[in-house]
Amino acid sequence: MASNNADQVVFDKVAEINASKESWNIRVKVVMLWKPTYVNNPNMVTSLDMILIDQEGSRIQATIKKNLIPVFESLFDEGAVREISNFAMASNQSEYMLVPHKHKINFYKTTKVRVSNDFVDTVDPYHFISFPDLLARNFDTRVAFDFLGEVVSSDPMRVIVEYGREKRLMNLVAQDLSGTRIAVALWGSFAMKLNTYISQHNNDTAPVIILLRLAKLKIWGGQPQVGNCLFGSRLHINDDMPQILEFKSKINALDTNVESSSRTSQLNSDTVVANPEDYYLRFQIKNIDEIPDFNEEVGLTIIATIIGFDMDDGWYSFYCRDCSKKVTKNHDDVDAGPFHCDGCGFVSDVFGKIRIVVRVQDESGSSSFVLFERHVKDLIHRGNQWLMDKIAKIPDEFKILLNKKFVFKVQISMFNLQNNYRAYTVHKLTDDERVLDEVTKRSSNHQHDHINDNGTPVNKLNKENTNYVHDDNLDVVDLEAVTPSSSTGKRPIEIDANNESLEWSSSKTSVVRDTLKIPKLEKLD
7 MASNNADQVV
17 FDKVAEINAS
27 KESWNIRVKV
37 VMLWKPTYVN
47 NPNMVTSLDM
57 ILIDQEGSRI
67 QATIKKNLIP
77 VFESLFDEGA
87 VREISNFAMA
97 SNQSEYMLVP
107 HKHKINFYKT
117 TKVRVSNDFV
127 DTVDPYHFIS
137 FPDLLARNFD
147 TRVAFDFLGE
157 VVSSDPMRVI
167 VEYGREKRLM
177 NLVAQDLSGT
187 RIAVALWGSF
197 AMKLNTYISQ
207 HNNDTAPVII
217 LLRLAKLKIW
227 GGQPQVGNCL
237 FGSRLHINDD
247 MPQILEFKSK
257 INALDTNVES
267 SSRTSQLNSD
277 TVVANPEDYY
287 LRFQIKNIDE
297 IPDFNEEVGL
307 TIIATIIGFD
317 MDDGWYSFYC
327 RDCSKKVTKN
337 HDDVDAGPFH
347 CDGCGFVSDV
357 FGKIRIVVRV
367 QDESGSSSFV
377 LFERHVKDLI
387 HRGNQWLMDK
397 IAKIPDEFKI
407 LLNKKFVFKV
417 QISMFNLQNN
427 YRAYTVHKLT
437 DDERVLDEVT
447 KRSSNHQHDH
457 INDNGTPVNK
467 LNKENTNYVH
477 DDNLDVVDLE
487 AVTPSSSTGK
497 RPIEIDANNE
507 SLEWSSSKTS
517 VVRDTLKIPK
527 LEKLD
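For the sequence shown, the positions run 7 to 531 when the working numbering is used.
What follows is the structure, given as structure tokens:
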């Protein structure tokens, strides 16, 4: 074991450690520390997670599993410097990453931790991305970052009530020192914190500066949007910390005569309660036979019944571990690699994801809708690993979806339009009776449109409310990963793809190695 005197020991660089061995010895500072919980049981802790940084500024995520928290928790505090050795190196190549390192640390029971002196040189623990780079997506959008800006406008906080549970969302606009602006969406306790602050300081003239640790970039209505993670993120509002104080100082130093118009704030601390059907009513309600009439990207609400499955392309796909793009099996040059990725070439490090094409039908016709892993896991109440263990056979559990009527929110994408691809991605679906009733009422209005003298149908619903939304929250990485190849109890079921894309933690997926055999799929009776 290393000596207590850190100056006499040569430590491994965080940027260079990998899975080739377990005898690494690092000296790191704890940048952030938090305890994730189960989504359905927020009182039950799953692990103790940390962001660590070494003297050279390289960061890595570390996880202490629940059963080992009593062993190690007392040894770690934010800002503490520790020497750590004898730990596991797990893969960190997934759709969502808190740091750019390809690996993350998992603690063993035998992992050694020793107190160490502080770093001689100051290391910046923050990872800020400029507003122009955020807007241009000029960085690895899979990786979390730190965000600093002035809140210049905010919408009322939305409280979405579903099955007795409340979700809170607050949309706002933030700007940097140059006046460049970007949309921000805060969820859960983050929305409540900012809403409360604005309410308590509504008479203040001072700017509202926010610093969001471990933020994530999403896409909303085709535009970049900053959001918080489900776990790990931290929101500071006008706190007395160097980054915020420096930002305020620079605002005060600006020429107010030149910048006053761009720095006017319009903050709202109101709260609006939303019903579960409100989401679906934001989009045009259409029948299946009307989908091909659209020649632009648009979101639609469809009421339909699942009548079968299209398994020509199977019910799962594999994706590149490095870029999360869909890969294809390489049959031509086996020595080059078992899979081919359009972005990375021949690869062997991939992970599996569920993708089911369901056949749906309404009174006007039938179509194909695509359900992804986030939908299927909750619909059949089975986890990803269980499903992937059934890879050689279509699980019987899929049959519970048959003959169920849902309200679907589907998206007509540019891929659909450019490739005449008639399987449309589902963003959200529910069989909640209230939502079905409300959407059906609106749908009935649509079906009884009257005809103008010139033969043009007039939609009564459109005349009353023409402010439809064309798109909703969709993750940038998900868009790249799930684009199909051109080759082609009584409790209501409520699946929301957007929540998962907005609120996230580090994902854990098993690696599929070179020896992976993809069996021929059986047809579902």
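For each residue, glycine too, the CB sits at the ideal point set by N, CA and C.
Since this is a predicted model, take the numbers as computed values, not measurements.
{"Asked": "Which listed residue (Lys331, Ser64, Leu377 and Asn293) has its alpha carbon closest to that of Thr446", "Found": "Asn293"}
{"Asked": "8 Å Cβ cutoff met for Leu54 and Lys41", "Found": "yes"}
{"Asked": "DSSP state of Thr311 mapped onto helix, strand, coil", "Found": "strand"}
{"Asked": "Among Gly233, Leu442 and Val190, the one whose alpha carbon lies nearest that of Ser148", "Found": "At residue 148 the sequence reads Arg, which differs from the Ser that was named. Cα-wise, what sits closest to Arg148 is Gly233."}
{"Asked": "Limits of the alpha helix (DSSP H) - the one that Ser64 falls within", "Found": "Careful: Ser64 lies outside any alpha helix (DSSP H) and carries neither H nor E."}
{"Asked": "According to DSSP, residues forming a beta bridge with Gln417", "Found": "Gly305 and Thr431"}
{"Asked": "Between the CA atoms of Phe153 and Leu527 - distance to the nearest angstrom", "Found": "Reliability fails at Leu527, whose pLDDT of 34 lies under 50, so the model's placement of it is uncertain and the value that follows must be treated cautiously. Approximately 46 Å between the Cα atoms of the pair."}
{"Asked": "Backbone CA spacing between Val483 and Thr52 [nearest angstrom]", "Found": "Residue placement at Val483 cannot be trusted, given a pLDDT of 27 that sits under 50; the coordinates are not used to answer."}
{"Asked": "Burial state of Asp438 (16 or more Cβ within 10 Å)", "Found": "buried"}
{"Asked": "Minimum C-alpha distance to Glu5 - residue among Ala212, Glu101, Tyr322 and Leu58", "Found": "With the chain covering only 7 through 531, there is no way to say anything about residue 5."}
{"Asked": "Local Cβ density within 10 Å of Pro344, reported as buried at 16 or more and exposed below that", "Found": "buried"}
{"Asked": "Backbone secondary structure at Val278 - three-state DSSP", "Found": "strand"}
{"Asked": "Backbone secondary structure at Gln424 - three-state DSSP", "Found": "helix"}
{"Asked": "Whether Phe315 touches Ile362 by CB criterion (8 Å)", "Found": "yes"}
{"Asked": "Residue(s) in a DSSP beta bridge with Phe134", "Found": "Asp152"}
{"Asked": "Met420 versus Val121 - alpha carbon distance", "Found": "55 Å"}
{"Asked": "Sequence-distant residues of the same chain with beta carbon closer than 7 Å to Ser449, five excluded per side", "Found": "Ile291 and Ile309"}
{"Asked": "Reduced DSSP secondary structure (H/G/I, E/B, other) of Ser449", "Found": "helix"}
{"Asked": "Beta-carbon gap between Ala68 and Ile111 smaller than 8 Å", "Found": "yes"}
{"Asked": "Local Cβ density within 10 Å of Met50, reported as buried at 16 or more and exposed below that", "Found": "exposed"}
{"Asked": "C-alpha gap between Gly238 and Thr43, whole angstroms", "Found": "11 Å"}
{"Asked": "Beta-carbon proximity of Ile250 to Leu217, cut-off 8 Å", "Found": "yes"}
{"Asked": "Residue range of the unbroken beta strand (DSSP E) whose run includes Leu223", "Found": "Val214 to Trp226"}
{"Asked": "Residue span of the alpha helix (DSSP H) that contains Met198, given as start and end", "Found": "Ser195 to Gln206"}
{"Asked": "Nearest residue (CA-CA) to Asp348, options Lys199, Thr334, Val413 and Ser64", "Found": "Thr334"}
{"Asked": "Segment contact flag, the segment 175–192 with the segment 113–127, C-beta cutoff 8 Å, min 3 pairs", "Found": "no"}
{"Asked": "Distance, Ile386 Cα to Leu200 Cα", "Found": "37 Å"}
{"Asked": "Through-space distance from Trp193 to Ser1, alpha-carbon basis", "Found": "Look at the range of the chain in this structure, 7 to 531, and you will see that residue 1 is not part of it."}
{"Asked": "Beta bridge counterpart(s) of Ala68 as assigned by DSSP", "Found": "Met56 and Ile111"}
{"Asked": "For His242, three-class secondary structure by DSSP", "Found": "strand"}
{"Asked": "Coarse secondary structure for Val105, derived from DSSP in three states", "Found": "coil"}
{"Asked": "Same chain only: Cβ atoms within 6 Å of Val87, ignoring 5 sequence neighbours per side", "Found": "Lys35, Ser122 and Asp124"}
{"Asked": "Proximity below 8 Å, CB of Tyr430 to CB of Val376", "Found": "yes"}
{"Asked": "Segment limits, beta strand (DSSP E) that includes Gln231", "Found": "Gln229 to Asn234"}
{"Asked": "Buried or exposed by the 16-neighbour rule on C-beta atoms within 10 Å, applied to Asn479", "Found": "Note that Asn479 scores a pLDDT of 42, beneath 50, so its modelled location is shaky; the value from the coordinates is reported in the next line. Counting Cβ neighbours within 10 Å, Asn479 comes out buried, since at least 16 surround it."}
{"Asked": "Within 8 Å, strictly: CB atoms of Ala21 and Ser64", "Found": "yes"}
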